[in-house]
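Written below as structure tokens is the structure these notes are about.
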Amino acid sequence: MERYRRVEKIGGGAYGEVYKAKDLQTNEFVGLKKIKIDTEDEGIPSTALREISILRELQHPNIVELKDCILNEGRIYLVFELVDQDLKKFLNSHSGHVDSNVQKSLMFQCLKGVEFCHSHGVMHRDMKPQNILVSRGGTLKLADFGLARAFFPSTSTLDT
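Under the working numbering, the first residue of the sequence shown is numbered 6, with each subsequent residue one higher.
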């Protein structure tokens, strides 16, 4: 963990806390999700294991990039690319009035991300504005795959 220096807390919830951090090797800012491990009961939370395994498989411009996973002092740290804000904050910053071209672009990017997930046998299952990230440049990324499920589409007679 000496590679990363926490700058500020940017989110939190039942899963743990998310920080903006600086990667001291590359000088880039990253998102650092801290997850506490319950060593007495169940060990590593299933949501963390699920998120790690799924995000290692899903590499797409509209899905947040998992850069690293670190086990340190009874905690798991997930290192993500840093994206400026979530969709809820983005909409609030625009007072709900977003240009129609921006709306179309965000919807298209969201659908491309969902399409990629589904084509790779993953269902997100927790789509909400707080789990959709938007960069200053207008790039949308799906995030928080802790409740996601892997599925394998069956071949049926409806497909023909």
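Where is the CB? At the ideal position from N, CA and C, for every residue including glycine.
Whole angstroms are fine: how far does the CA of Y24 sit from the CA of K14? For this step, residue 14 is matched to residue 9 along the sequence shown. For this step, residue 24 is matched to residue 19 along the sequence shown. Computed Cα separation, rounded: 4 Å.
If you pair each beta-carbon of the region 70-80 with each one of the region 130-139, do three or more pairs fall below 8 Å? no
Ranges of the alpha helix (DSSP H) found wholly within the region 30-77, counting only runs of at least 4: 51-62
Any 3 or more C-beta pairs closer than 8 Å across the region 135-155 and the region 53-73: yes
Pick from D91, V119, G18, I57 that is closest to I75, judged by C-alpha positions: Reading the sequence shown from its first residue, position 70 is the one you call residue 75. Comparing Cα-Cα distances from I75 to each of D91, V119, G18, I57, the minimum goes to I57.
Residues near G118 by beta carbon distance below 6 Å, same chain, minus five either side: The residue given as residue 118 occupies position 113 in the sequence shown. Closer than 6 Å at the Cβ level, and outside the excluded window around G118, lie N67, I68, L147.
Within 10 angstroms of its Cβ, does H102 collect 16 or more other Cβ (buried), or is it exposed? The residue you call residue 102 lines up with position 97 of the sequence shown. It counts as exposed.
So, with DSSP's three-state summary, where would you put M112? For this step, residue 112 is matched to residue 107 along the sequence shown. DSSP places M112 in helix when its eight states are reduced to three.
Go ahead and pull the three-state DSSP assignment for E86. Sequence index remark: in the sequence shown, residue 86 carries index 81 (1-based). If DSSP states are grouped into helix, strand and coil, E86 belongs with the strands.
Could you give the distance in angstroms between the alpha-carbon of V12 and the alpha-carbon of V127? Residue mapping note: residue 12 aligns to position 7 of the sequence shown, counting from 1. Residue mapping note: residue 127 aligns to position 122 of the sequence shown, counting from 1. Using only the alpha carbons, I get a separation of about 33 Å.
Does the separation of the CB atoms of F121 and L87 fall below 8 Å? Along the sequence shown, one-based indexing puts residue 121 at 116. Along the sequence shown, one-based indexing puts residue 87 at 82. No, Cβ-Cβ distance for F121 and L87 is not below 8 Å.
Just to confirm my understanding: we take F95, look at its own chain, exclude 5 residues before and 5 after, and list those with CB closer than 6 Å. What are they? The residue given as residue 95 occupies position 90 in the sequence shown. Excluding sequence neighbours, F95 sits near V139.
Just how far apart, CA to CA, sit T31 and V84? Here residue 31 refers to the residue found at position 26 of the sequence shown. Here residue 84 refers to the residue found at position 79 of the sequence shown. The alpha-carbon atoms of T31 and V84 are separated by roughly 13 Å.
Does DSSP put L92 in a helix, in a strand, or in coil? Here residue 92 corresponds to residue number 87 of the sequence shown, with the count starting at 1. Note: L92 maps to helix in three-state DSSP.
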